[in-house]
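Below is one structure, written out as structure tokens, with a few remarks after it.
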Amino acid sequence: MIPIPRMPLVLLLLLLILGSAKAQVNPAICRYPLGMSGGHIPDEDITASSQWSESTAAKYGRLDSEEGDGAWCPEIPVQPDDLKEFLQIDLRTLHFITLVGTQGRHAGGHGIEFAPMYKINYSRDGSRW
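Mature numbering (1 follows the signal peptide of the UniProt record, and there is no 0) puts the sequence shown at residues -23 to -1, 1 to 106.
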């Protein structure tokens, strides 16, 4: 048997992997919004751990929305080390997220409430994050 050098084999494997990943990502549509501001993501796919009132429900957590009180707000104020409050969007199919836009509560242009920081978790099966 003739030994096969490992480096060319590793490079070939990497090229195969990268080639298949490139085929799955369409850069022509990668730069367009998924639908939180445009309404393509339906209200029932937006859920939250809690809400302050009906007018701050998860469905009002859309970008550039003035409906309701103009934001999703959790039931109680969130502390920096408190990770139990969340806003969840079910995208239904696999997406590669390349940019996330956020804003504070609109409140007719007078809102001064916003999250100074947040954490993004993702799941492919809805149970492992």
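Ideal Cβ positions, reconstructed from N, Cα and C, are used throughout, including at glycine. Just so we're clear, the structure is a prediction, and the values are computed from it rather than from any experiment.
Taking 8 Å as the upper bound for CB-CB distance, isoleucine 66 and methionine 13 are in contact here, some 7 Å apart.
In this structure, the beta-carbon distance from glycine 47 to histidine 83 falls below 8 Å. Between the stretch 17 to 37 and the stretch 63 to 79, the count of C-beta pairs closer than 8 Å reaches three or more; the two stretches touch.
For proline 93, the closest alpha carbon among the candidates Asp22, Leu76, Cys7, Val55 is that of Val55.
Relative to the Cα of leucine 11, the nearest Cα in the group Glu90, Gly78, Asp58 belongs to Gly78. In the three-state scheme derived from DSSP, where H, G and I count as helix and E and B as strand, threonine 33 is classed as helix.
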